[in-house]
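Asks: Here the sequence shown stands for residues 279 to 517, numbered as in the numbering used here.
Dropping a structure here in structure tokens format, bear with me for questions.
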Amino acid sequence: MSDLLNEKWPKVTVIIVNWNGERFLDRCLSALLAQTVAPHEIIVVDNASSDGSLDLVRRFPSVRLLAQDRNLGFARGNNLAIEEAAAESEWIALLNPDAFVEPRWLEALLSATRDYPAFEVFASKLVSAADPAVLDGAGDAYHVSGLVWRRGHGAPVASVSEQVREEFSPCAAAALYQRRILVEAGGFDEDYFCYLEDLDLGFRLRLAGYRCLYVSASVAHHVGSGTTSGQHSDFAVYH
């Protein structure tokens, strides 16, 4: 994508918080660099990985690496990158290292910001990286009882409407936020070391009057808990 074509789009910083995600990062970053609309900036926060993550990220000279000497967790890692993001970036996109975006992922999100200006937060469609015919999630839902879930998780993709719609909040594995509202909200609550911090942020943003739109044309293939030994590992269950 030429610089001239990119000028018509708002600037976006994409943030990836990584911990021992070497086996996913090459595919993740390569997909980001193949977008039809290039992000203004890509930041990888590495939370003291003990695998080859640092060397791998350094093979991508256009990617900005923030290497930490300890594991800050997902919430603090993202907050750090939001603080460090280029001043001209109006939007912040979050992406997990085990999420592999399709070429129009970012273009679809940015198109939605123009087509639906009443929304400030945008959720991608997540499909299973193992089987793209299976939905990993179509936004996060919240019930008045306190029950939370990823909408459509495990359902056939064909069974879920392709229409854009309002959703409670995005799954932060692949999402876009107005930078201004993230700063206003104080970012992620760092008491959440890992998991559900995106629901908490979504709750606070809704209380502040901001809205989330699910964008089915923005697609990421998601492994899910890829860097924490799986969704049912002791680590995942604890956090």
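Cβ atoms here follow ideal geometry from the backbone N, Cα and C, with glycine treated the same way.
#1: Tell me where the alpha helix (DSSP H) around residue 303 begins and ends.
#2: Mark residue 364 as exposed unless 16 or more other C-beta atoms lie within 10 angstroms of its C-beta, in which case mark it buried.
#3: Considering just the uninterrupted stretch of the beta strand (DSSP E) at residue 352, what are its terminal residues?
#4: Tell me which residue opens and which closes the alpha helix (DSSP H) that residue 392 is part of.
#5: Sorted by chain position, which residues of the same chain lie with C-beta nearer than 8 Å to residue 279's C-beta, five sequence neighbours on each side aside?
#6: Distance check for residue 325 and residue 393, CA to CA, integer angstroms please.
#7: Taking the alpha-carbon of residue 329 as reference, which of 303, 320, 309 and 338 has the nearest alpha-carbon?
#8: What's the C-alpha gap between residue 486 and residue 395?
#9: On the premise that residue 400 lies in contact with residue 497, defined as a C-beta separation below 8 Å, what is that separation, rounded to the nearest angstrom?
#10: When DSSP labels each residue in this structure, what does residue 368 get in the three-state scheme?
#11: Within 10 Å of its beta-carbon, does residue 458 have 16 or more other beta-carbons around it, so buried, or fewer, so exposed?
#12: Using CA coordinates, which residue listed in 454, 474, 362 and 499 is at the minimum distance from residue 488?
#13: Unbroken alpha helix (DSSP H) runs of length 4 or more, entirely within the region 449-504: which are they?
#14: Using the beta-carbon count (16 or more within 10 Å), is residue 413 buried or exposed?
#15: Can you grab the Cα-Cα spacing for the pair residue 433 / residue 419, in whole Å?
#16: Classify residue 336: buried if its beta carbon has 16 or more other beta carbons within 10 angstroms, exposed otherwise.
#17: Starting from the Cα of residue 483, find the closest Cα among 460, 332 and 474 and give me that residue.
#18: According to DSSP, residue 346 sits in a beta bridge with which residue or residues?
#19: By DSSP's criteria, residue 296 is part of a beta bridge. Which residues make up the other side?
#20: Comparing the C-beta of residue 497 with each C-beta of chain D, is any distance below 9 Å?
#21: Where do the ends of the beta strand (DSSP E) carrying residue 414 lie?
#22: Considering only their Cβ atoms, is the gap separating residue 307 from residue 352 smaller than 9 Å?
#23: Flag this pair as yes or no: are the beta carbons of residue 403 and residue 416 separated by less than 9 Å?
Replies: Short version:
#1: Position 25 of the sequence shown, counted from the start, is the residue given in the question as residue 303. Per DSSP, residue 303 belongs to the alpha helix (DSSP H) from 300-310.
#2: Reading the sequence shown from its first residue, position 86 is the one you call residue 364. Counting Cβ neighbours within 10 Å, residue 364 comes out exposed, since fewer than 16 surround it.
#3: Counting from one through the sequence shown, the residue named residue 352 turns up at place 74. First-last for residue 352: 351-362, but that is the alpha helix (DSSP H), not the beta strand (DSSP E).
#4: If you number the sequence shown from 1, residue 392 lands on position 114. Per DSSP, residue 392 belongs to the alpha helix (DSSP H) from 383-393.
#5: As a position in the sequence shown, residue 279 is number 1, starting the count at 1. Only weak support exists for where residue 279 lies, its pLDDT of 43 falling under 50; the coordinates are left without a value.
#6: Your numbering for residue 393 matches position 115 in the sequence shown. Your numbering for residue 325 matches position 47 in the sequence shown. In this structure, the straight-line span from the alpha carbon of residue 393 to that of residue 325 is close to 36 Å.
#7: Translated into positions along the sequence shown, residue 329 becomes position 51. Measuring from the Cα of residue 329, the nearest candidate turns out to be 303.
#8: As a position in the sequence shown, residue 486 is number 208, starting the count at 1. As a position in the sequence shown, residue 395 is number 117, starting the count at 1. About 17 Å.
#9: For the purposes of this step, residue 497 is taken as residue 219 along the sequence shown, with counting starting at 1. For the purposes of this step, residue 400 is taken as residue 122 along the sequence shown, with counting starting at 1. Not a contact, Cβ separation roughly 13 Å.
#10: Within the sequence shown, residue 368 is the residue found at index 90, counting from 1. Of the three classes helix, strand and coil, the one that applies to residue 368 here is coil, per DSSP.
#11: By one-based count along the sequence shown, residue 458 stands at place 180. Counting of Cβ neighbours within 10 angstroms places residue 458 among the exposed residues, the total staying below 16.
#12: Within the sequence shown, the letter at position 210 stands for residue 488. The closest CA to that of residue 488, considering only 454, 474, 362 and 499, is found on 454.
#13: Whole alpha helix (DSSP H) segments, 4+ residues: 457-463 and 475-485.
#14: On the sequence shown, position 135 is the one that residue 413 refers to. The residue in question, residue 413, is buried, as its Cβ has 16 or more Cβ neighbours within 10 Å.
#15: Position 155 of the sequence shown holds residue 433. Position 141 of the sequence shown holds residue 419. Roughly 15 Å separates the two Cα atoms.
#16: What you label residue 336 is simply residue 58 of the sequence shown in a count that begins at 1. For residue 336, the number of other beta carbons within 10 angstroms of its own is below 16, and it is reported as exposed.
#17: Numbered from 1 along the sequence shown, position 205 holds the residue referred to as residue 483. Looking at the Cα atoms, 460 is the closest of the given residues.
#18: Working through the sequence shown from its first residue, we reach residue 346 at position 68. Residue pairing for residue 346: DSSP places it in a beta bridge opposite 325.
#19: In the sequence shown, residue 296 corresponds to position 18, counting from 1. For residue 296, which the question treats as bridged, DSSP gives the partners 324.
#20: Given the protein chain composition of this structure (a single chain), no chain D is represented.
#21: Sequence index remark: in the sequence shown, residue 414 carries index 136 (1-based). Where residue 414 is concerned, the enclosing beta strand (DSSP E) stretches over 413-415.
#22: Counting from one through the sequence shown, the residue named residue 352 turns up at place 74. Counting from one through the sequence shown, the residue named residue 307 turns up at place 29. It is not a contact, given that the beta carbons lie outside the stated cut-off.
#23: For this step, residue 403 is matched to residue 125 along the sequence shown. For this step, residue 416 is matched to residue 138 along the sequence shown. Yes, these two residues count as a Cβ contact at 9 Å.
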